[in-house]
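Per the numbering used here, the sequence shown starts with residue 158, numbered consecutively.
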Amino acid sequence: MAVFVILNQEDQCTGRFWEGRFKCQALLDEQALAACLAYVDLNPIRAGIADSPESSDHTSIQKRIRAAKAGAPHQPDYLLPFVGNPRKDQPDGLQFNLRDYLELVDWTGRIQRDDKRGSISTALPPILQRLNINERQWTQLSGKMESLFPTFVGGAEQVEIASKALGHQRVSGLAQCRSLFST
């Protein structure tokens, strides 16, 4: 007997193998997409497996946070980028800011639900504070990345190491790194 027939009998399903096992909804606008992203990124927290988005293994939000904390100028290539608010000549990507998304997930994750095991503790500071991101600095950084950092983007120590490794005599943008990537 075929495996799918046995599984259908065990699950008391009729018809196709995947019937009732997986659901699919069309995400028709940016709000729906944001809700779905937050839902998926919060799954480990709601299941009680992780305490925060930063500790949620195998999630896109964790990968985005790690890239941002490492001073990467862009998000991982395999993730659809956040491209900011809608505008003329909009690049392909998610039409909101990473900072806004982090705050949305943090706020949503703090809501306690009776039908879920976990939530983000109200004792944890806000996510931008946990990531040591100053709001004014973050706004400046995310809006002027290319003009502020001609060669390297990151903490001053990391920029100095990279410059030395490449044999650069002068480290450009170091003052901005010290100012915007303070620890």
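Beta carbons are placed, not taken as given, at the ideal position from N, Cα and C, and that holds for glycine.
What separation, rounded to the nearest whole angstrom, lies between the Cα atoms of residue i and residue j?
| i | j | result |
| --- | --- | --- |
| L288 | K226 | 7 Å |
| L237 | N200 | 19 Å |
| R267 | L337 | 28 Å |
| R323 | T279 | Strictly speaking, residue 323 in this sequence is Leu, with Arg absent from that position. Near 45 Å, if we compare the C-alpha coordinates of T279 and L323. |
| G228 | C193 | 27 Å |
| D168 | Q286 | 47 Å |
| Y196 | C170 | 27 Å |
| C334 | K220 | 22 Å |
| Q269 | S276 | 6 Å |
| E260 | Q188 | 15 Å |
| I206 | R223 | 19 Å |
| L281 | G330 | 33 Å |
| L184 | L190 | 6 Å |
| H231 | Q166 | 49 Å |
| L251 | Y235 | 13 Å |
| P248 | F239 | 10 Å |
| T308 | A159 | 59 Å |
| W264 | I284 | 9 Å |
So, with DSSP's three-state summary, where would you put residue i?
| i | result |
| --- | --- |
| L285 | helix |
| L251 | strand |
| V197 | helix |
| G330 | coil |
| K245 | coil |
| A229 | coil |
From the DSSP output, which residues share a beta bridge with residue i?
| i | result |
| --- | --- |
| F239 | L251 |
Check your understanding: Should the region 316-323 be called in touch with the region 246-261, which here means at least 3 C-beta pairs below 8 Å?
Key -> no
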